[in-house]
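> Okay, here's the structure, questions in a sec.
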Amino acid sequence: MDFTPCKVYTTAERLCCIYTEWMTGNDAWDMQSAISCGATLLSTILSSDKTNIIALTGNHVAHSLLISLANIHMNT
Numbered sequence: 235m236d237f238t239p240c241k242v243y244t245t246a247e248r249l250c251c252i253y254t255e256w257m258t259g260n261d262a263w264d265m266q267s268a269i270s271c272g273a274t275l276l277s278t279i280l281s282s283d284k285t286n287i288i289a290l291t292g293n294h295v296a297h298s299l300l301i302s303l304a305n306i307h308m309n310t
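If you read the sequence shown in the numbering used here, its first letter stands for residue 235, the second for the next number, and so on.
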């Protein structure tokens, strides 16, 4: 889990930056610099999915809401 933005480069010379996670992007750096010292960004990802519920409900539809933190690494 990332609590501060970070930069990832392809080489030790730092010529080419790699953008893989949300906290490696320029927007995360801009937002972090705008908040007070000692504070950190916690961004949320919201997604919704239509799910048909046939068993026990008589063919109703549910719209589930999934919530996650963008600070969590994708490979975790």
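Beta carbons are placed, not taken as given, at the ideal position from N, Cα and C, and that holds for glycine. If you're wondering where the values come from, they're calculated on a predicted model, not measured in any experiment.
Three or more C-beta pairs under 8 Å: does that hold for the segment 240-257 against the segment 284-294?
no
> To the nearest angstrom, how far is it from the Cα of N293 to the Cα of S302?
Between the alpha carbons of N293 and S302 lies a distance of about 29 Å.
> Should Q266 and T274 be called a contact, given that it needs their Cβ atoms to be closer than 9 Å?
Less than 9 Å separates the beta-carbon of Q266 from that of T274.
> Is S270 helix, strand or coil when you go by DSSP?
coil
> For N305, collect the residues of the same chain with a Cβ closer than 8 Å to its Cβ; drop the 5 residues on either side in sequence, then sort them by chain order.
Excluding its 5 nearest sequence neighbours in each direction, N305 has C-beta neighbours in its own chain below 8 Å: M235, D236, F237, W256, M257, L275, L276, S277, listed in chain order.
> If you follow the beta strand (DSSP E) that S302 is part of, which residue opens it and which one closes it?
294-303
> Go to I288, then tell me how far its beta strand (DSSP E) extends in each direction, as first and last residue.
Counting along the chain, I288 falls outside any beta strand (DSSP E), and DSSP gives it neither H nor E.
> Since P239 and A268 are thought to touch, with beta carbons under 8 Å apart, how far apart are those beta carbons, to the nearest angstrom?
Here P239 is actually not in contact with A268; their C-beta atoms are around 12 Å apart, not less than 8 Å.
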